[in-house]
Amino acid sequence: MHEFLVFTISGLTTAGIYAISASGLTLTYVTTGVFNIAHGATGMLAAFTYWQLAVAWGWPVPLALLFCVLVAAPLFGLLLERVVMRRLAGAPESTRLVVTVAVLVVLVSAAQWLWDPSTFRRTQGLFAGRGFEAGGILVPYNDVVVLGVAAAVAGGLWLLLHVSRAGVAMRARVDDPSLAILNGARPATSARLAWMIGTSLAALAGILIAPKLTMSAIPLTLLIVNAYAAAVIGRLRSLPMTFAGALVVGLAADYAIGYVPKISYGQQYLRGVLPVIPVLVLLVALLVLRASRLRGKPALAIREITPTPTWAGTGVFAAAVAFGAVIAATTLAKADLYSSTALWGLAIVGLSMVPLVGYAGRISLCQLSFAGIGAAVVSHAGGGSNPAALLAAAAVAAIVGAVVSLPALRLSGIYLALLTGAFAVALDNWIFQLPAFTVLGDQFALFTNGTLSVERFAVGPLDTTSDRAFFLTGAALFLAAVAVVVAVRRGELGQRLIAVKESPAAAATLGMNVRLTTLAVFTLSAALAGLGGGVYASAVRSTTPDAFSFFTGLTLLLIVVVAGVSSIGSGLAAGLLLGTAAVGSATGDDSARVTATVVGLAALALAANPNGLIPSVLRPAYEPVRRSPAVLAGSVGAITALWVLTLVDAVAPNVLPLGVLLVAVAAPLVARPLAGRAAATAGTEPAGRDEGLSGPLEWLGFDAPVGRADLDAIDARLALDTARLDTGPHLASGKTVGEARVGAA
Amino acid sequence: MTPLVELRGVRARHGRVEVLHGVDLAVDAGQVLAVLGPNGAGKTTLLRVLAGLHPPSGGEVLLGGRRANGADPVDLARRGLCLIPEGRGVFPSLTVRENLWMTTHRPAGLSRAEVEERAVARFPRLGQRLRQPAGTMSGGEQQMLALARALVCEPAVLLLDELSMGLAPLVVAELYASVRAIAADDVTIVVVEQFAAAVLEVADTAAVLVEGRVAAAGPPADIAGQLSGAYLGGAPPADHRPAGTT
Amino acid sequence: MALLEIRDVTVRYGGHVALREVTLGVEAGRVTGLIGPNGAGKTTLFNVLTGLLTPGAGRVLLDGEDVTRLAPYRRARRGMARTFQILELFGQLTALENVALATRLRRRTAAGERPDPGALLERVGLSAFADRRADTLPTGLGRRLELARALAVRPRVLLLDEPASGQDPDETAAFADLLGELADEGLAILLVEHDMTLVMRVCAHLYVLDFGTLMAEGDPASVRADPRVREAYLGTSTGTDPGTGTAGAGTLAR
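Chains as they are written, first to last, in the working numbering: chain H, 1 to 745; chain Y, 746 to 991; chain R, 992 to 1245.
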């Protein structure tokens, strides 16, 4: 009984902290429509700032606390709103989620730059752990204060939302944004206030929870999962229910800490379950949540451009990849080649996001975790260098993927993102740390002793043991995966995915089982990720769970999205940035952190261009090259010549990379005027242009504003009498799109 | 005398489609202008242009003689230009009381108690429902609340969009009785409506908007005769109130 | 017997009653009209019929089978298709792909062969736009594409939500002819429309929805002559105030 009370008190304290965090998350989500994945990272940053002030610089505790929560955090919230979040109005939900992931990655990287992770830090609870006795139990003052603060936050939020005009205006904005404007409530004010308060609450929670853990950026950031669980119980809407949810999560976590070690059976497997309790609560909460209504097309301010890949274009891409792979395999130094073999596995994992995130518009935060599962399977099954192990990796990952996505299929996209995030964290903290276990007499070792060793496979005469052979095989496997994805996009499934993304309501009323389609794509992409993980593990031969961590997975997601998540080239970009010697050697040991920081910062710009770099920058730049045979042949010829010269040692080894770079820059510059001249001499517009329009119809308005002449041309072509057009649907949709513009105006 | 609200050759477009092709209208202070017209004529757009929610693509919007093209809708609202949009101009999940509080931004700010008092004085029925979420009231009560909210802040200009939408005739009659009372307090009103009969009794002047142009303007009595042509295009009148807009 | 029926359907949004004990039937081989002012609950009724919204009370029957609890896609596979008041096209796909995808969505075991997507586009006059991305089509053409897409699943019941808005009079006339043809082919069509000329021309039977309540039904002539309809639409005589009765408990408070 005594013990029970102790755990209850500690559980209530934890619950109070989660409630503070979760209410901030819910407040910003409800008011601004942005679910802030970086909420926990904000709290982490606050905890570090607090440590710096109170411990390193010796500020008095109350001063440091108040400064962090009431000055630094609101200012940071303001900055976030001004620089990042404001531009997200009218962006697709997936973009909004990814941008907050980018904020998370940037904040974690920033914290790691500022506070060297190898130094041990700790903050103390308030009142240095002192407390008072009540009924034979020591009650820390800290816990009393935390509970008091949580209650004050609850009361304060209620007063804000129901009594203050600013708070009433925030709720009014949720109901009807344009009507709120008509009543003189500035939309930006509500958003700003929400971000300031939300950030303050995140900071408060981060500082209060820090003494329970060591000061380390990633664990503190991942506490957000606990807040997710509470927020989901509150259906991302209701603050009272969110507080109740926090109570469940907090108590469950602390009772688990108290009682799970007492279970005598299977202790070595259960030890890791403790940090995962909130994830399990989240899972249960998702299962009991009522299905979301099928929605129609969201009103977006940005149109997505995802040209369907053609087989011809894919062939060019494949040829370029194969050519590049052969050159790299034959010219790279041994050490560089070894450290670049990881490229292809990661590229396949990156590619696995294309159907799911790109075509179907669903976010998964656990693709790299599926890769980890794939790696474990290959390690287990590939003992005899059996290539079938790769297929087994894909199959097992697919099954796990299907099971993971099941609870979220009924729900809107945001829940799938939360669930996958929680799953990745559970894998990180628990499953990947498990000791070996035996199922049906077969012993499975996951990351035994923290590493996983894998043998490269051999099929008949093809032995991939050498780095060169494996590098080329990896390229071939990547191209096979590309073929699968292109086939999917060009086939019925691809159209189904796009239909579901564009309008779930229309898809369902035409007879499509939307859940089954989502399940199919999730399974497919999990399978590809599992394959990628297997290829990756075979490449590096010995790997640790860190390689498949949640955080690395987020970086991978960001690279793919920045590159253009609907373009197959984005997977390659992920592989090149995360898995090659090029990046590693350029930046030394900090390479991962550099990559994460740069990619995170780049992803913040997504709000402005959610289509990504490949479709909006690279493709237009290289299109003339593809159309100009002379330039194309010249480029290939120049690179081939350099390659041959390098092979026969006629030139220094670093001439080739420089030459390739030069050709890559020069070819578009040369091809563009050529393409223009060819079009002029032929007396026709370049292909892809539309008669009378300043550009291809589908692209009109992207590069330059739509001109009067374009409008007239379109009207004339459609034989439209513009005056007669009904304006109804425009008005109806304008209501939602318009508000953002009005707010910005 | 300068009209309080004036449109000179105002054009507006939705994307690539122009929906107002040069509209000229003027309302003197304290007058009621009724803008009538069939579905899709551009009436709602006209009001949105006036309220600053929709930037005009041409022409001039003058408020009190000053050019107000592209003015910030929030500024306009705070200076006393009040639009009650079509549908229900209330926040459904806020209580009646909170809906009323939303108006307390006016510089001549009233206390919350005063706001409630005035609203209840005008619409006694709201008095019993102050703690009720607005979305749970009937359509007529919601429109009353919207009107009440617009009135307690003593607007200089009131823009009403389809007050009658989805409401029973009796309720509409009651609402327009309120509009008449408001007009008597020297509030300038522009009211957009398809329900011609009720609004013509209240209006000082009327204009008919057809396909983005002013087809006719003048005293209500003159306009009434020209309406069926604009609305029905020769269809038998009995089957047809051009119901609902967008 | 009506192919599609709803019986005593009630829908509440919070305390607001969007539909109150509505009962109506849509028979095969003719066009049934549903009219009423905006906010009367017409689109809500469509959402209930297609399963996007589950009613608080009442039943939906398709060919005598109770489909009230059935998912939207299952209803579609039983032969129900609709268009949307606010266009819900698959914008990234071409017009032809929109229709072609729909032809494949009907369960493969369904009797008969798949309709030809090109022929369907032809039928609604969109052949020239087959390869255009759907989100580049103007509203009027988009509505016709939605119709073609709905026909692609070979429905027995077709629900059309304001299909004529955004179309000019000539297009509307052509559209009326098409509706007539479709009805003659045996389709049960429920039409929500503001264009009364069209409604009066094509509908064999009319329902009038006002304030979530069915206030009148019958053939167009009798509906037109119904004094209650005249009153609701023109406000010529006094009547009861259905508006005051709808206040309910504060279920929005959560």
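Positions of the beta carbon are idealized from the N, C-alpha and C atoms, including for glycine. Just so you know, these numbers come straight off a predicted model, no measurement behind them.
Checklist entry - Among the residues of its own chain, which have a CB less than 7 Å from the CB of R/T1163, if the five just before and after it don't count? => result Locating residue 1163 of chain R in the third sequence gives position 172, where the first residue counts as 1. Excluding residues within five positions, the ones whose Cβ falls inside 7 Å are A1155, D1186, L1189.
Checklist entry - Residues of chain R with CB under 7 Å from H/N386, in chain order? => result By one-based count along the first sequence, residue 386 of chain H stands at place 386. In chain order: nothing, as chain R lies at least about 37 Å away.
Checklist entry - Hey, which unbroken runs of the alpha helix (DSSP H) at 4 residues or more fall wholly within the stretch 897-961 of chain Y? => result 914-929, 941-947
Item to check | Chain-ordered chain Y contacts of H/G184 [CB-CB under 7 Å] | outcome: Position 184 of the first sequence, counted from the first residue, corresponds to residue 184 of chain H. Here the neighbours are V819, A822, R823, H850.
Checklist entry - At what residues does the alpha helix (DSSP H) containing H/E749 begin and finish? => result This structure does not reach residue 749 of chain H, given that chain H is present from 1 up to 745, and the question cannot be answered.
Checklist entry - Given that a residue counts as buried once 16 or more other Cβ atoms are within 10 Å of its Cβ, and exposed if not, what is H/A19? => result By 1-based counting over the first sequence, the position of residue 19 of chain H is 19. That one is buried.
Checklist entry - Assuming H/G345 and H/T523 make a contact with CB atoms under 8 Å, what is their CB distance in whole Å? => result Taking the first sequence and counting its residues from 1, the one referred to as residue 345 of chain H is at position 345. Taking the first sequence and counting its residues from 1, the one referred to as residue 523 of chain H is at position 523. That pair is no contact at about 20 Å.
Next on the checklist: Does the CB of R/E1079 have a neighbour CB from chain H at under 7 Å?
Outcome noted: Taking the first residue of the third sequence as 1, we reach residue 1079 of chain R at position 88. Judged by the 7 Å Cβ criterion, R/E1079 is in contact with chain H.
Checklist entry - Does the distance from the CB of H/G40 to the CB of H/L223 come in under 7 Å? => result For this step, residue 40 of chain H is matched to residue 40 along the first sequence. For this step, residue 223 of chain H is matched to residue 223 along the first sequence. Yes, these two residues count as a Cβ contact at 7 Å.
Item to check | Collapsed DSSP secondary structure at Y/H759 in the structure displayed | outcome: The count along the second sequence starts at 1 and reaches residue 759 of chain Y at position 14. In this structure, Y/H759 counts as strand in the three-state DSSP scheme.
Item to check | Beta-carbon contacts of H/A329 that lie in its chain and below 6 Å, excluding the five residues immediately before and after | outcome: Here the question's residue 329 of chain H lines up with position 329 in the first sequence. Result list for H/A329: R468, F471, L472, in chain order.
Checklist entry - What residue does the beta strand (DSSP E) around R/A1141 start on, and which one ends it? => result As a working mapping, residue 1141 of chain R is identified with position 150 in the third sequence. No beta strand (DSSP E) holds R/A1141; the alpha helix (DSSP H) holding it covers 1130-1143.
Checklist entry - Name the residues in the stretch 142-173 of chain H whose C-beta lies less than 8 Å from a C-beta of chain Y; which are they? => result H162, R165, V168, A169, R171, A172
Checklist entry - Under 8 Å Cβ-Cβ, which residues of chain H neighbour R/E1088? => result Residue numbering aside, residue 1088 of chain R sits at position 97 when the third sequence is read from its first letter. Ordered by position in chain H, the residues that pass the 8 Å Cβ test against R/E1088 are Q495.
Checklist entry - Just to confirm, are Y/D931 and Y/G775 a CB contact at a threshold of 7 Å? => result The sequence position of residue 931 of chain Y within the second sequence is 186, counting from 1. The sequence position of residue 775 of chain Y within the second sequence is 30, counting from 1. Going by C-beta atoms, Y/D931 is nearer than 7 Å to Y/G775.
Next on the checklist: Need the endpoints of the beta strand (DSSP E) that R/H1247 sits in, please.
Outcome noted: Outside the displayed span of chain R (992 to 1245) sits residue 1247 of chain R, for which this structure offers no information.
Checklist entry - I think Y/K992 touches Y/L954, with their Cβ atoms under 8 Å apart; what is that distance to the nearest whole Å? => result Because chain Y here runs from 746 to 991, residue 992 of chain Y falls outside it and cannot be looked at.
Checklist entry - H/L343 and H/G579: beta carbons closer than 7 Å? => result As a first step, residue 343 of chain H must be located in the first sequence, where it is residue number 343. As a first step, residue 579 of chain H must be located in the first sequence, where it is residue number 579. Contact flag set, yes.
Item to check | Nearest-angstrom beta carbon gap, H/A73 and H/A102 [assumed within contact, 8 Å] | outcome: In the first sequence, residue 102 of chain H corresponds to position 102, counting from 1. In the first sequence, residue 73 of chain H corresponds to position 73, counting from 1. In fact, because the Cβ distance is near 20 Å, the residues do not count as touching under 8 Å.
Item to check | Reference H/A185; option with closest CA among H/S200, H/T199, H/S164, H/G198 | outcome: Working through the first sequence from its first residue, we reach residue 185 of chain H at position 185. The shortest C-alpha separation from H/A185 is found at H/S164.
Item to check | Backbone CA spacing between R/G1082 and R/R1105 [nearest angstrom] | outcome: Counting from 1 along the third sequence, the entry for residue 1082 of chain R is found at position 91. Counting from 1 along the third sequence, the entry for residue 1105 of chain R is found at position 114. Straight-line Cα distance between these residues: approximately 23 Å.
Checklist entry - Would Y/A948 pass as a contact of Y/V764 if the rule is Cβ separation under 7 Å? => result Against the second sequence, residue 948 of chain Y aligns to sequence position 203. Against the second sequence, residue 764 of chain Y aligns to sequence position 19. No, the Cβ-Cβ distance between Y/A948 and Y/V764 is not below 7 Å.
Checklist entry - From H/I207 to H/G421, what distance separates their C-alpha atoms? => result For the purposes of this step, residue 207 of chain H is taken as residue 207 along the first sequence, with counting starting at 1. For the purposes of this step, residue 421 of chain H is taken as residue 421 along the first sequence, with counting starting at 1. Near 23 Å, if we compare the C-alpha coordinates of H/G421 and H/I207.
Checklist entry - Exposed or buried, which one is H/Y265 when buried takes at least 16 other CB atoms within 10 Å? => result Here residue 265 of chain H refers to the residue found at position 265 when the first sequence is read from its first residue. Exposed, because fewer than 16 other Cβ atoms sit within 10 Å of the Cβ of H/Y265.
Item to check | Per DSSP, cross-strand counterpart(s) of H/I137 | outcome: Within the first sequence, the letter at position 137 stands for residue 137 of chain H. H/I137 is bridged to H/A134.
Item to check | Y/D820 burial status per 10 Å Cβ neighbour count (16 or more: buried) | outcome: Indexing the second sequence from 1 puts residue 820 of chain Y at position 75. Y/D820 should be labelled exposed.
Checklist entry - Which first and last residues belong to the alpha helix (DSSP H) in which R/M1191 is found? => result The residue you call residue 1191 of chain R lines up with position 200 of the third sequence. Segment 1187-1193, the alpha helix (DSSP H) holding R/M1191.
Checklist entry - For H/L179, which of Y/L875, Y/L752, Y/R758, Y/L828 has the nearest alpha-carbon? => result Locating residue 179 of chain H in the first sequence gives position 179, where the first residue counts as 1. Of the listed residues, the one whose Cα sits closest to H/L179 is Y/L828.
Checklist entry - Can you name the residues of chain Y whose CB is closer than 8 Å to the CB of H/S748? => result Limits of chain H in this structure are 1 at one end and 745 at the other, which puts residue 748 of chain H out of reach.
Item to check | Three-state secondary structure assigned by DSSP to H/A814 | outcome: Residue numbering for chain H in the displayed model covers 1 to 745; residue 814 of chain H lies beyond these limits and cannot be assessed.
Next on the checklist: Tell me the residue span of the alpha helix (DSSP H) that contains H/V248.
Outcome noted: Translated into the one-based positions of the first sequence, residue 248 of chain H becomes position 248. Counting along the chain, the alpha helix (DSSP H) containing H/V248 begins and ends at 239-259.
Checklist entry - In chain H, which residues lie less than 8 Å from Y/S838 when you measure between Cβ atoms? => result The count along the second sequence starts at 1 and reaches residue 838 of chain Y at position 93. Going along chain H in sequence order, the residues near Y/S838 (Cβ under 8 Å) are R171, V174, D175.
Checklist entry - Terminal residues of the continuous alpha helix (DSSP H) containing R/D1161? => result Start at 1 with the first residue of the third sequence, and residue 1161 of chain R comes out as number 170. Looking at the DSSP string, the run of the alpha helix (DSSP H) that includes R/D1161 is 1160-1175.
Item to check | Contact with chain H by R/G1116, beta-carbon distance below 7 Å | outcome: Position 125 of the third sequence, counted from the start, is the residue given in the question as residue 1116 of chain R. Not closer than 7 Å to any Cβ of chain H, the Cβ of R/G1116 fails to qualify, so no.
Next on the checklist: Taking the alpha carbon of H/L201 as the reference point, which residue from H/G136, H/Y255, H/S21 has its own alpha carbon closest?
Outcome noted: Start at 1 with the first residue of the first sequence, and residue 201 of chain H comes out as number 201. The candidate whose alpha carbon is nearest that of H/L201 is H/S21.
Checklist entry - Mind checking H/R237: buried by the 16 CB within 10 Å criterion, or exposed? => result In the first sequence, counting from the first residue as 1, residue 237 of chain H sits at position 237. Flag for H/R237 reads exposed.
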